[in-house]
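Numbering (my numbering), first residue to last: 853 to 1304.
Using N, Cα and C, we set each Cβ at its ideal position, and we do this for glycine too.
Being a predicted model, the structure only gives us computed values, none of them experimental.
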């Protein structure tokens, strides 16, 4: 553990290592890559790595981080251990194994193993992390891995350095953050609303909704379990959710869609809307490695069984018919009470955040709502959020919601652009020598912007 000294006066800072690794350490995936001067905007240097250790019940093998996508071809009955819970790294033993395999192993995803002593790490973190969790991260970075330089930055702040989806007559200079933005980060564990002004989060106005992609996957699994045994099929249900989900544009449309997919009772049979219902062909991990969606055919199973056909080799297809689950599951983002959660929906959470700001700046943030995170890729997400928020404010208040170009990699892209601003990096980052010279408390205050 680093030892603190009483003063930092007169100490000239050591230069940071020139090579910089930007790491957005999400609960579901890690987005990582080396900073470059390229401004192509296509995120070619960003690698998406599963942030988990997966254990197969079938072949009894474990897959660490990138091995899951590089070497695993049977995703059935995988058990996952994830080092990130509720957005924070709590399982450093597992996280270290994933980082080792991803960045310091001969088969590293960056092409060659990194030398941490010659690398500056820019690590994203979620808002309002407990001090002990921050302290553990700092210790691991400097004392376990031995990085030469380090900056721990809030993910929403990094997002404001990436290009805005809104057209403007005054483009933001390279390496500078947006002047103001309300960042909606819809991730795996939860969804956060963070007002950011000139790169600085307005701490007292950050709000969090404890619903994210994981909640939606688990709820879909519960619904499907009435028909198929999928309690050990996390990967399959997650793929299914991403393939079939969408959000209705408003609450009225949601109720109408529920009505359209109701079969009716015994004495009141009804025909369901065929435009909503789809078939999902389940994988068998032999001839079908991944499930896929196709138009609903109510006679497919019976016909294939009668003809003795199905997939290749005469195997019968296993078809899961999906109706109102397509839109009822993501609806939890806006009506958490459907599963008994006593929380505001996403639109209400946004208004809580904005209303805690001074009245003079509320319009500026309502007009610059940026959504990011993998869960925001659900079709209809942006339209539904804008409609809901607009319905909660006065008619003369302008509401503008936009999704960033690449919601999964946007935080990483913002970090890459921030690294190009030497003034910002000089203010945020610390060297390994400074960590051992001045102590953990000083480093924590430095990252919080409370040192000179």
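Backbone secondary structure at residue i - three-state DSSP
| i | result |
| --- | --- |
| residue 1287 | helix |
| residue 1178 | helix |
| residue 1055 | helix |
| residue 1296 | helix |
| residue 1103 | helix |
| residue 1112 | helix |
| residue 976 | strand |
| residue 1044 | strand |
| residue 1208 | coil |
| residue 1004 | strand |
| residue 962 | coil |
| residue 1256 | coil |
| residue 924 | coil |
| residue 1151 | coil |
| residue 868 | coil |
| residue 1061 | strand |
| residue 1241 | helix |
| residue 993 | helix |
| residue 1082 | coil |
| residue 1234 | helix |
| residue 1276 | helix |
| residue 1213 | helix |
| residue 1163 | The predicted model places residue 1163 with a pLDDT of 47, which falls under 50 and marks its position as unreliable; any figure quoted below should be read in that light. Residue state, collapsed to three classes: coil. |
| residue 957 | coil |
| residue 1187 | coil |
| residue 1012 | coil |
| residue 968 | helix |
Best match in the options for proximity to residue i [C-alpha to C-alpha]
| i | options | result |
| --- | --- | --- |
| residue 1059 | 1175, 1214 and 1204 | 1204 |
| residue 946 | 1244, 1024, 902 and 1130 | 902 |
| residue 1247 | 1271, 1149 and 1218 | 1218 |
| residue 994 | 976, 1055 and 969 | 969 |
| residue 1138 | 1109, 899, 927 and 1269 | 927 |
| residue 936 | 1215, 869, 1039 and 1103 | 1039 |
| residue 1308 | 906, 905 and 900 | Nothing about residue 1308 can be read from this structure; the chain reaches only from 853 to 1304. |
| residue 1307 | 1011, 982 and 1097 | Summary: the structure shown does not reach residue 1307, with the chain confined to residues 853 through 1304, and so no result is reported for it. |
| residue 1283 | 972, 904, 941 and 908 | 972 |
| residue 1211 | 956, 1106, 1249 and 1232 | 1249 |
| residue 1048 | 992, 1193 and 1206 | 1206 |
| residue 1244 | 1069, 1299, 1209 and 1199 | 1199 |
| residue 1234 | 1036, 1290 and 916 | 1036 |
| residue 905 | 921, 897 and 1054 | 921 |
| residue 966 | 1273, 1290, 1189 and 872 | 872 |
| residue 1279 | 950, 1095 and 974 | 974 |
| residue 1223 | 869, 990, 942 and 1007 | 1007 |
| residue 888 | 998, 1272 and 1098 | 1272 |
| residue 996 | 1177, 1016 and 949 | 949 |
Local Cβ density within 10 Å of residue i, reported as buried at 16 or more and exposed below that
| i | result |
| --- | --- |
| residue 885 | buried |
| residue 1083 | exposed |
| residue 1143 | buried |
| residue 959 | exposed |
| residue 918 | buried |
| residue 1286 | buried |
| residue 1221 | buried |
| residue 1292 | buried |
| residue 831 | No answer is possible for residue 831: it lies beyond the span of the chain, which begins at 853 and ends at 1304. |
| residue 1164 | Reliability fails at residue 1164, whose pLDDT of 47 lies under 50, so the model's placement of it is uncertain and no value is given. |
| residue 1033 | buried |
| residue 862 | Confidence in residue 862 is poor, its pLDDT being 39 and thus under 50, which makes the residue's placement unreliable; the coordinate value appears in the next sentence. Its Cβ having fewer than 16 others within 10 Å, residue 862 is exposed. |
| residue 1108 | exposed |
| residue 1300 | exposed |
| residue 1079 | exposed |
| residue 1305 | Coverage of the chain is limited to positions 853 through 1304, which leaves residue 1305 absent and any answer about it impossible. |
| residue 925 | exposed |
| residue 867 | exposed |
| residue 870 | exposed |
Identity of the residues DSSP links to residue i by a beta bridge
| i | result |
| --- | --- |
| residue 899 | 884 |
| residue 906 | 915 and 932 |
| residue 1037 | 1044 and 1224 |
| residue 1268 | Beta-bridge pairing links residue 1268 to no other residue. |
| residue 1131 | 1146 and 1173 |
| residue 937 | 940 |
| residue 874 | 885 and 974 |
| residue 1049 | 1032 and 1052 |
| residue 1249 | According to DSSP, residue 1249 bridges with nothing at all. |
| residue 1282 | 1002 |
Residue i: CB within 7 Å of a non-hydrogen atom of the ligand FMN
| i | result |
| --- | --- |
| residue 1092 | With respect to the ligand FMN, the structure shown offers nothing to examine, as it has no ligands at all. |
C-beta neighbour in chain C for residue i, strict 8 Å
| i | result |
| --- | --- |
| residue 953 | Structure shown: chain C not included; a single protein chain is present. |
Inspect the CB distances between the region 1036 to 1053 and the region 1220 to 1228 and report whether three or more fall short of 8 Å.
Yes, since at least three Cβ pairs between the region 1036 to 1053 and the region 1220 to 1228 fall closer than 8 Å, the two stretches touch.
Quick one: any contact between the region 1081 to 1098 and the region 926 to 942, if contact means 3 or more CB pairs under 8 Å?
Under the Cβ criterion (8 Å, minimum of three pairs), the region 1081 to 1098 counts as touching the region 926 to 942.
Please determine if the region 1258 to 1266 and the region 1124 to 1132 are in contact, where contact requires at least 3 C-beta pairs separated by less than 8 Å.
Contact fails: fewer than three Cβ-Cβ distances are below 8 Å.
Could you tell me whether the region 1183 to 1193 touches the region 1014 to 1028, where touching means 3 or more Cβ pairs closer than 8 Å?
Touching, no.
Check whether the region 906 to 914 and the region 1060 to 1067 touch, using three or more Cβ-Cβ pairs below 8 Å as the test.
Pairwise C-beta distances place the region 906 to 914 out of contact with the region 1060 to 1067, as fewer than three of them are shorter than 8 Å.
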